[in-house]
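In our numbering, the protein residues as written are 1 to 270.
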């Protein structure tokens, strides 16, 4: 089982939309048994699926209990909770405050591993202790950024944040960090005019393409923008298209498949 946390300390990049679509891609196209965890107190991922449960991600933190809600074949979710904040969880006062979820997962890992190939965790766009706890249990951290200077600054900040968590979660005997997650970046909402990207997007891509952690970019497309609104991933929408519609969107689908294949490769350590 591999775990990905999606995070960036800036709103509007499309983090939840990407988690929603990537999760369905893994389940629908790759046949991966995929669990989504809604780790953002806004609960937008949970609301997209229009599901509820008695046990939420809040219970996962506090008691280790959880409830898995089936969504579709190979896809399930642990629902979000508005109480999922540092204050409600009182994380700042705890010993090993960055490893509270890590300790829960150490007891639950075999159980979850028997049920799932991948876990995707959506987070609030911040550097809270809650977010740090999600990063601590992950194999990779995926930043989803729009083509903006603030997005790039947030990416640089995320890399420092991951390094800081690693430095704070050290085994006192071995001096090694419990945290092994590496950060990766994808661009999102890349705008085109005709066949060419806009100048702003070009400047952004020219910079991030030099970063070895860059995995590709996703075009700004109404298909993505409406996916959360209608509760249908771009891949489910594709199945309902006519042949001519599929042909007109084929470049977009070829590209998003390429990006998600790159993410899956690093997630699985290839």
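Backbone N, C-alpha and C define an ideal beta-carbon position, used for all residues, glycine too. Just so it is clear, the structure is predicted and the values come from calculations on it, not from any experiment.
Report the rounded CA-to-CA distance for residue i versus residue j, giving the unit in angstroms.
| i | j | result |
| --- | --- | --- |
| residue 187 | residue 24 | 19 Å |
| residue 89 | residue 39 | 13 Å |
| residue 2 | residue 84 | 23 Å |
| residue 122 | residue 189 | 18 Å |
| residue 71 | residue 32 | 14 Å |
| residue 261 | residue 176 | 31 Å |
| residue 42 | residue 125 | 10 Å |
| residue 162 | residue 242 | 44 Å |
| residue 249 | residue 173 | 55 Å |
| residue 244 | residue 234 | 16 Å |
| residue 61 | residue 196 | 46 Å |
| residue 179 | residue 63 | 22 Å |
Which word fits residue i, buried or exposed, when buried means at least 16 other C-beta atoms lie within 10 angstroms of its C-beta?
| i | result |
| --- | --- |
| residue 109 | exposed |
| residue 131 | buried |
| residue 153 | exposed |
| residue 28 | buried |
| residue 143 | buried |
Check the DSSP bridge columns for residue i and list the partner residues they point to.
| i | result |
| --- | --- |
| residue 3 | 119 |
| residue 192 | 197 |
| residue 145 | 187 |
Give every residue of the same chain whose Cβ lies closer than 8 Å to the Cβ of residue i, excluding the five residues on either side of it in the sequence, and list them in chain order.
| i | result |
| --- | --- |
| residue 54 | 67 |
| residue 138 | 3, 4, 5, 121, 181 |
Is residue i near the ligand SAM, with its Cβ less than 8 Å from a heavy atom?
| i | result |
| --- | --- |
| residue 234 | No copy of the ligand SAM occurs in the structure displayed, which carries no ligand at all. |
If you drop the 5 nearest sequence neighbours on each side, which residues of the same chain put their C-beta closer than 7 Å to that of residue i?
| i | result |
| --- | --- |
| residue 213 | 183, 184, 185 |
| residue 140 | 4, 181, 182, 184, 266, 267 |
Who are the near neighbours of residue i in its chain, counting only those whose CB is closer than 6 Å to its CB and skipping five residues on each side?
| i | result |
| --- | --- |
| residue 113 | 1 |
Taking contact to mean 3 or more Cβ pairs, one atom from each stretch, closer than 8 Å, check whether the region 17–33 and the region 224–231 are in contact. At 8 Å Cβ cutoff, the stretches touch.
Hey, is the region 201–221 in contact with the region 136–148, meaning 3+ C-beta pairs nearer than 8 Å? These segments touch.
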